[in-house]
Amino acid sequence: MKDIDTTNMSADEWDERNFPRPEVQDFDRVVEKAISRRGFLTSVLAFGSAAAVMGTGLMTSTSAQAQAAAGARFPFKPIGIQTDFAVHVPEGYEWKVLARWGDPLFSDADGYDVTEGGPVEMSDRVFGENTDGMETFSFQGHELIAINHEYANRRTNLPAAQDGTPANAGDVLKLQNLQGVTVMEVREGADGWEVVKDSPFNRRIHHNTPMALVGPAAGHDLLKTEADPTGTAALGTLNNCGSGKTPWGTYLTCEENFNGYFGSTEASVDQKPIEMSPSFQRYGISAAGWGYDYHKWDARFDVSKNPHEPNRHGWVVEIDPTNPNSTPIKHTGLGRFKHENAEVVVANDGRVVVYMGDDERGEFMYKFVSNGVFTPGGATDGLLDDGTLYAARFSEDGTGEWVALTEETTGMPLAEILVFTRMAASKVGATTMDRPEWISVNPNAAEAYCCLTNNSRRGTMNDDGTPRTNAGGDVMAVNAPNPRETNRYGQIVRWRPENADHASDRFAWDLYVMVGNPAVHADGPYAGSKNMNAGNLFNSPDGMAFDSTGLVWIQTDGDDDNEGDFAGMGNNQMLAGDPVTGEIVRFMTGPNGSEVTGLTWSADRRTMFVGIQHPGGSWPDGAGLPRSSIITVKRSDGALVG
Ligand code: FEO
Ligand code: CA
Ligand code: CA
């Protein structure tokens, strides 16, 4: 693998670099062969005949009224694009930095200086790098934030190492410490929000934190290693991307590109090249790794010595933010893949439903439905493990089904379904998607949305004329919810479960938006759907969250060079969408180089917490290194912000 400078590069982009896109895009061919723009629009914001045929009364009149009320307005004046190294919010709003990479969470880490790399001894006592998903929790009068640190920039954190390549075990340990999760107490004073340094709730969870593996696959041979012959006690959570929150007040952190940390000191395992092992191939484990070089200094990450260690990552992990001594729990019941986020909703009968996306080109969308039911204050054991995992299959007619991944449907034993979930979903013919990122459920209507960020390989051919596939060989031809070849812009799909019941295995779907650039492409697939216009141009929707009023907030992680196909889009940004009218308007822009990711609200809903990952320039300090940070956004008049 080519050594990569990850400055200003998202982890997803890193993945793209490791598995590069096709070299030549024949634009005319793309336009000719893709379905017409008119074709797109029939499935955008349609929800017509399919829903009627299903006779589901998908939106009740009550929820329709609630939605109409929510959709009546955006409570701000939309802003224009920006290309600078700054944050911009609408008139009447203000923003402030809350926490930056390297800020001390404890007094004993005062003086940690990111520009000098900072000492390894303090590196698990500071706010980690590259913020992503986050959630807020109120507990006994304390406000807590749990937040992910998705990856670490090797060059800036190891300035003494040649090209950021770890030169010793201490270098590896430092990178491991700066990733994972932060739990911290925050409070609002006269000067706005601040981190409560030394709060007993403050905690760093990183790549070596002891964790429990629970659920149906726990203890299986595939999860056993020399260091853990029980297959139930893992170390660390890796590449923490999106988040989730349970109804019982715990935090869910989702392991995405965990594969990149593994490598091999031998070219083969069991006489087979590493990359030829079917599960390693499907999950992207390679002998070279992604440049972290953990495997050269920490044998746990050397797959020639510990071939099962990768199986212990790629899970959804539950953390109790109110108990700093609690052991994080890896839930095998939710399946193993490159988890983006975990959107939890309680079904009408009390069963717990978790929607999840697998962010890689041509991978799938999933849903878990518990066997047991949630009762406030009741026992929650098993609610994220004992149940059924499903993969989504979309039909051209605007309907779809959740296909259960069982021994009968896949021919695989349950533990293998959970450890090698991608392979199980391939067996049932799940629909290949354009990189499922965040999923969010509308609080005012029984519907869920998923950002499909982009897929440069959709509908394209290999040099030998064979169609491109996902890593498991499933062809990525255009399909109904992913209708555009060489999909540079992305789309947002939404679905409404039959009988307004998230536990149902049938749904109706449409596309909320086909992102495009009508200012550059007057017509054709790249123009996008009608709710794209000169005033709201963006690309690559990624983060997403509904607020309590029913507006859907969309965050982007796309191309911000503002040229060519992306002209007029400017920096990555956060927009607000109306689920009823489809209207989308721009609320905020991030600094050039950054993606905007992670969004949650204070308990009083007067503050938004927003994440800025891998900014450029010297944001936010105006000098020195750029630093991933979370910011607070408030209205100047103190009114509610969602
Ligand atoms: Fe970490 Fe797919 O975003
Ligand atoms: Ca993301
Ligand atoms: Ca992304």
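Residue numbering for the sequence shown follows this note's numbering, starting at 132 and increasing by one per position.
Ideal Cβ positions, reconstructed from N, Cα and C, are used throughout, including at glycine.
query: Indicate the three-state DSSP secondary structure (helix, strand or coil) for T563 in the structure shown.; result: coil
query: If we call anything under 8 Å between Cβ atoms a contact, is A523 one with H633?; result: no
query: When you compare only the Cα positions, how much space is there between E319 and Y497?; result: 38 Å
query: In whole angstroms, what is the alpha-carbon distance linking M739 and A510?; result: 31 Å
query: Under the rule that 16 or more other beta-carbon atoms within 10 Å means buried, what is R204, buried or exposed?; result: exposed
query: What's the C-alpha gap between I715 and K227?; result: 25 Å
query: Quick check: what's the CA-CA separation for W626 versus G773?; result: 23 Å
query: Could you tell me whether any non-hydrogen atom of ligand 3 is closer than 7 Å to the CB of V568?; result: Here residue 568 is Glu; the residue named in the question, Val, does not match the sequence. Yes; taking the cut-off as 7 Å, the Cβ of E568 has a heavy atom of ligand 3 nearer than that.
query: Sort E474, K403, A398 by Cα distance to G420 and report the nearest one.; result: A398
query: Taking all protein chains shown into account, do 16 or more other C-beta atoms lie within 10 angstroms of the C-beta of S679, making it buried, or fewer, making it exposed?; result: exposed
query: In this structure, what does DSSP give as the bridge partners for D433?; result: G394
query: DSSP three-state call for G493: helix, strand or coil?; result: coil
query: Return the chain-ordered list of same chain residues with a C-beta closer than 6 Å to the C-beta of H444, the five sequence neighbours on each side being excluded.; result: L369, E386, F389
query: So, are the CB atoms of I267 and A734 less than 8 Å apart?; result: Checking the sequence shown, residue 267 turns out to be Thr, not Ile. Yes.
query: I need the boundaries of the alpha helix (DSSP H) containing E225, first residue and last residue.; result: Taken as a continuous stretch (DSSP letters only), E225 belongs to no alpha helix (DSSP H), being part of the beta strand (DSSP E) at 224-231.
query: Using three-state DSSP, classify T453 as helix, strand or coil.; result: coil
query: Which residues does DSSP pair with R482 in a beta bridge?; result: V504
query: Please classify S254: is it buried, with 16 or more other beta-carbons within 10 angstroms of its beta-carbon, or exposed?; result: buried
query: Would you call the CB atoms of V448 and E440 closer than 8 Å?; result: no
query: At 3 residues or longer, and completely inside the segment 587-627: list those beta strand (DSSP E) runs for me, N to C.; result: none
query: Does DSSP put G295 in a helix, a strand or coil?; result: helix
query: Leaving out five residues before and five after N339 in sequence, what residues of the same chain have Cβ atoms less than 7 Å from its Cβ?; result: Q307, L366, G367
query: Looking at D688 and ligand 3, is the gap between the Cβ and the nearest heavy atom below 7 Å?; result: yes
query: Would you check whether ligand 1 has a heavy atom nearer than 7 Å to the C-beta of E387?; result: yes
query: Which residue's Cα is closest to the Cα of E656: S587, G674, R637, R615?; result: The residue asked about is misnamed: residue 656 is Pro in this sequence, not Glu. Looking at the Cα atoms, R615 is the closest of the given residues.
query: When you compare only the Cα positions, how much space is there between V392 and T519?; result: The amino acid at residue 392 is misidentified as Val; the sequence shows Tyr. The straight-line gap from Cα to Cα measures roughly 30 Å.
query: Write down every uninterrupted run of the alpha helix (DSSP H) in the segment 680-749 whose length is 4 residues or greater and which is fully enclosed by it, in chain order.; result: none
query: Go ahead and pull the three-state DSSP assignment for S374.; result: strand
query: So is Q310 buried or exposed if we call it buried at 16+ other beta carbons inside 10 Å?; result: buried
query: Can you tell which of A650, D516, T530 has its C-alpha closest to the C-alpha of F638?; result: T530
query: Closest to W232 by CA distance: which of E281, P209, E274 is it?; result: E281
query: Using a threshold of 8 Å, state whether the C-beta atoms of E494 and R553 are closer than that.; result: yes
query: Can the beta-carbon of G681 be found less than 8 Å from the beta-carbon of N573?; result: yes
query: Taking only three categories from DSSP, how would you classify G464?; result: helix
query: In three-state terms, what does DSSP make of S174?; result: In this predicted model, S174 has a pLDDT of only 45, less than 50, meaning its place in the structure is not dependable enough to derive any value.
query: Using CA coordinates, which residue listed in G560, P544, L549, G513 is at the minimum distance from W533?; result: G560
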